[in-house]
Amino acid sequence: MTNGKQFGTAAVFFTAISTILGAIMFLRFGYAVGSVGLLGAIMIVIIGHAVTIPTAMAISEIATNQKVEGGGAYYIISRSFGLVIGSTIGISLYLSQGISIAFYIIAFTEAFKPLIDWLFINYKFHPIAEWLLVQNQTIAVPTLIFLTILVIKKGADVGMKMLYWVVAILAISLVAFFVGKPIEIDPAVTLPPVPEVSIFYVFAIIFPAFTGIIAGVGLSGDLKDPGKSIPLGTLGATLVGMVIYLFISLKLDSSAPPEILADTSKMVMSQIAIQGWWLVPLGLAAATLSSAIGSILVAPRTLQAIAKDNVMPLGKLNAWMAEGRGDSDEPFNSYLVTFVLAIFFVMMGALDAVAEIISMFFMVTYGALCLISFLQHFAADPSYRPTFKSKWYISLFGAIACFGLMFFMNSGYAFASLLFMILIYLSINFFNKDKKNIALIFQGVMYQISRKIHVFLQKTEKEDNTSWRPSSIFLSSETFESNDAFLLTCWLSYKYGFGTYIHHMDGYFSKQSNSEAKEIKKRMIKMARASRSEVYIDTLINPDISGSISQVVQLPSISGTENNMLLFDHSRSNPSQIKSVVDNFKLIQAADFDIGVLSSSPRKFGFYKEIHVWITSADISNSNLMILLAYVISAHPDWRNGEIKVFSATSHLTMDLDRKNLNDLISEGQLPISKNNIEFIIPEDDHDIKATIKANSQDADFLIIGFVSEMLKRIGSEVFEGYEGLANILFMNAKESKQIK
321 MTNGKQFGTA AVFFTAISTI LGAIMFLRFG YAVGSVGLLG AIMIVIIGHA VTIPTAMAIS
381 EIATNQKVEG GGAYYIISRS FGLVIGSTIG ISLYLSQGIS IAFYIIAFTE AFKPLIDWLF
441 INYKFHPIAE WLLVQNQTIA VPTLIFLTIL VIKKGADVGM KMLYWVVAIL AISLVAFFVG
501 KPIEIDPAVT LPPVPEVSIF YVFAIIFPAF TGIIAGVGLS GDLKDPGKSI PLGTLGATLV
561 GMVIYLFISL KLDSSAPPEI LADTSKMVMS QIAIQGWWLV PLGLAAATLS SAIGSILVAP
621 RTLQAIAKDN VMPLGKLNAW MAEGRGDSDE PFNSYLVTFV LAIFFVMMGA LDAVAEIISM
681 FFMVTYGALC LISFLQHFAA DPSYRPTFKS KWYISLFGAI ACFGLMFFMN SGYAFASLLF
741 MILIYLSINF FNKDKKNIAL IFQGVMYQIS RKIHVFLQKT EKEDNTSWRP SSIFLSSETF
801 ESNDAFLLTC WLSYKYGFGT YIHHMDGYFS KQSNSEAKEI KKRMIKMARA SRSEVYIDTL
861 INPDISGSIS QVVQLPSISG TENNMLLFDH SRSNPSQIKS VVDNFKLIQA ADFDIGVLSS
921 SPRKFGFYKE IHVWITSADI SNSNLMILLA YVISAHPDWR NGEIKVFSAT SHLTMDLDRK
981 NLNDLISEGQ LPISKNNIEF IIPEDDHDIK ATIKANSQDA DFLIIGFVSE MLKRIGSEVF
1041 EGYEGLANIL FMNAKESKQI K
């Protein structure tokens, strides 16, 4: 190629139509009409175009929205799904294109069958020569070598120069066929019966005929205006091809009985067409040769584009396959890889088997393209502004049809194809851990789903639902000094609840502080990713904690339900930190939140073995909340070997009643707390409950203790003091008593 981007719409149209009206039309469409009848053949055309028309519309839509570079369909897929998923589908696309080369080369050899039959009739050959002449590989292998060398030497120019001659020959062949006469049958001749086959089996063999729609897209890197040429050329070829196949079905059905049509040993179209003995083989040879050259041009470019994205397991392999030569960046090394792939399938020699294989890979690619179009519609990204617009339901139908038809065609091949795709994905994902970003298309879809759910929940009339789950906000300025607060938020939001973690930054909002907040948020997200948490993370800049509290209690919940719990933390070695909670307690209460204070100690959460819940007569309203929190926390894998112990500080007068109430609560609530882990204690001194707790929970790994607002008003921060030597403690104050059902 000499001029870089030089082709227009005609190149896309003629490349696609010469592939659509190619090998299958000449060699297997008569078989389709003969095997499943006229209505069955028409149904195959309709089903096939139920896939290809939505795909053509999807390609046209996506191509008119973004600049389509080299790599064609792969470029569209990878820039929509992201590199990891996109390259997985891209490899499937490449394989379908590479194997198609073998398919077209094998079909090309069929054009020589009349000549070989004539030679056998008129000449005597050595047995070895006879054996070689009947093998497809005898012609296929030299042809593949010759075409590969030709394309490497001449580039895309050779395909374009041949294209118009090929289309002209195809047109002449089709005219000769349509004006041809029906085949005359000798009534005395008994024709063999037509074998019974499934319509989907026939469809799997015929479907490669319709895959030509994507052939022109592969030239995207060589087009002057891909955004214009791809939609016009692709849709035009798809619709023209469908109409021609419908007329071919009618002509074949009216020209020969099913027994002759279903016989694949002879080209039935050559028997119908005027001068068909040479025009039809010539048309077949021209079409398959052109399609083979087109695939040889496109497949290496797809492989080169994948390699340029640097997703292959080995860096040197990427660099080697991405290497181009000359001003037009011809993918020389990718040509060599593609040649090896094609020669392998050429040696198989079986046209129908190769047709089924490439059908599967094309279905995956087409399904992906339709899915991209559907997701783009759903995501409603304002930057997605294609000049050609499909409909979301057309794209969705196309995607479902592709993936569904795979299993109807050949469930074994379908499962094998999907398994192969999964293995490719896992391999690429393993070697590209730094590219696990979610593509913008998925972000947009998730934003829309989240928005619709939030609005739905907000508009839905709230029922009087007595079931409770934590929807917590943890406000902390000690994020990087201790991870205790973050761990607790992770536990609360792991399975049963939802959690938001806000890092408070002292200071006034400014360009500099905002930049610092963004950097801190990045560090927090990295921390959250490492812990595989379900916590939503953000930062808040305020000159004092009161301002942050007033903002936090007004935040909407990430879950769609209202937030109901506000948590703080302080280090037991620095009691002054708790002053902000005490000073702002009335402000927090005004929001009707449950309030928690995590008191961190050097022992932290110990060995994650025992959670002790302490209930006293002074804070009975907190008891159910504390037990529920212990249950929620214990569901996290960190506590999989842990157990909950409940201690009730009671008196001689109320012990029996307290025992009955607590046992009934545990039993009726089906809480995983053994009765052996419920202990009733009568403190020696009613005024020194802290000493009792320290004596009985000195080996606990985590404690949950209640407190009431009256006590906080009376003694202030002393409520949280006096627990030296114990592990981390969560002090809880319930806005109202919770029900355990």
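Remember, this note's numbering sits 320 above the position in the sequence shown when you count from 1.
Just so it is clear, CB atoms sit at the ideal spot from N, CA and C, and this is done for glycine as well.
None of the values given here were measured: they were computed from a predicted structure.
Between which two residues does the beta strand (DSSP E) carrying residue i extend?
i: Lys-965; result: 963-969
i: Phe-1000; result: 998-1001
What does DSSP give as the partner residue(s) for residue i in the beta ladder?
i: Tyr-821; result: Phe-794, Ile-857
i: Leu-543; result: Phe-327
i: His-890; result: Ser-919
i: Gly-1026; result: Met-1052
i: Asn-862; result: Asp-826
i: Glu-1044; result: Per DSSP, none; premise fails for Glu-1044.
i: Glu-650; result: Arg-645
i: Met-885; result: Ser-792, Asp-914
Drop a sphere of 10 angstroms on the beta-carbon of residue i, count the other beta-carbons inside from all chains shown, and report buried for 16 or more, exposed for fewer.
i: Ser-943; result: buried
i: His-446; result: exposed
i: Phe-1051; result: buried
i: Lys-586; result: exposed
i: Phe-523; result: buried
i: Thr-809; result: buried
i: Gly-646; result: exposed
i: Asn-323; result: Any reading at Asn-323 must be qualified, since the residue scores a pLDDT of 49, below 50, and its modelled position is unreliable; no value is offered.
i: Met-321; result: Any answer about Met-321 is weak, because its pLDDT of 41 lies below 50 and its placement is not dependable; what the coordinates show is given next. It is buried - the Cβ of Met-321 has at least 16 other Cβ atoms within 10 Å.
i: Thr-972; result: Per the sequence shown, residue 972 should be read as His rather than Thr. Classification for His-972: exposed.
Compare the C-alpha of residue i against each of the options and name the closest.
i: Thr-510; options: Lys-548, Pro-578, Leu-415; result: Pro-578
i: Glu-963; options: Thr-974, Leu-1032, Ile-947, Val-560; result: Ile-947
i: Ile-405; options: Met-847, Ser-994, Ser-792, Phe-762; result: Phe-762
i: Asp-958; options: Asp-1021, Ile-1013, Lys-846; result: Asp-1021
i: Ser-412; options: Ala-688, Ser-610, Phe-1000; result: Ala-688
i: Phe-723; options: Thr-372, Met-562, Gly-354; result: Thr-372
i: Phe-905; options: Asn-730, Arg-852, Arg-1034, Gly-646; result: Arg-1034
i: Ile-940; options: Asp-903, Arg-892, Ser-1029, Ala-582; result: Ser-1029
i: Gln-874; options: Lys-846, Gln-909, Ser-590, Phe-466; result: Gln-909
i: Glu-999; options: Asn-983, Leu-661, Arg-960; result: Asn-983
i: Ser-552; options: Val-332, Ile-397, Asp-912; result: It should be pointed out that residue 552 corresponds to Leu in this sequence rather than to Ser. The candidate whose alpha carbon is nearest that of Leu-552 is Val-332.
i: Gly-402; options: Ile-344, Asp-629, Asn-653; result: Asp-629
i: Ser-891; options: Ile-397, Phe-1040, Gly-827, Ile-986; result: Phe-1040
According to DSSP, simplified to helix, strand and coil, what is residue i?
i: Trp-934; result: strand
i: Leu-511; result: coil
i: Asp-701; result: coil
i: Arg-645; result: strand
i: Asp-261; result: The requested residue 261 is not part of the displayed model; the chain covers only 321 to 1061.
i: Asp-914; result: strand
i: Glu-836; result: helix
i: Glu-676; result: helix
i: Met-667; result: coil
i: Met-589; result: helix
i: Met-321; result: Note that Met-321 scores 41 on pLDDT, short of 50, meaning its location in the model is unreliable; the coordinates nonetheless yield the value given after this. Met-321: coil per DSSP, three-state reduction.
i: Met-946; result: helix
i: Met-741; result: helix
i: Met-632; result: coil
i: Phe-334; result: helix
i: Lys-1058; result: coil
i: Ser-877; result: coil
i: Phe-682; result: helix
i: Arg-849; result: helix
i: Thr-463; result: helix
i: Ser-994; result: coil
i: Asn-983; result: helix
i: Ala-557; result: helix
Name the two residues that bound the continuous alpha helix (DSSP H) containing residue i.
i: Glu-450; result: 447-454
i: Gly-410; result: 403-430
i: His-972; result: Careful: His-972 lies outside any alpha helix (DSSP H) and carries neither H nor E.
i: Lys-1014; result: 1009-1016
i: Ser-380; result: 349-383
i: Trp-598; result: 596-628
i: Thr-809; result: 804-812
i: Tyr-928; result: First-last for Tyr-928: undefined, no H or E at that position.
i: Gln-437; result: The sequence given here places Asp at residue 437; Gln does not occur at that position. Asp-437 -> alpha helix (DSSP H) spans 433-442.
i: Leu-341; result: Element bounds for Leu-341: n/a, residue is neither H nor E.
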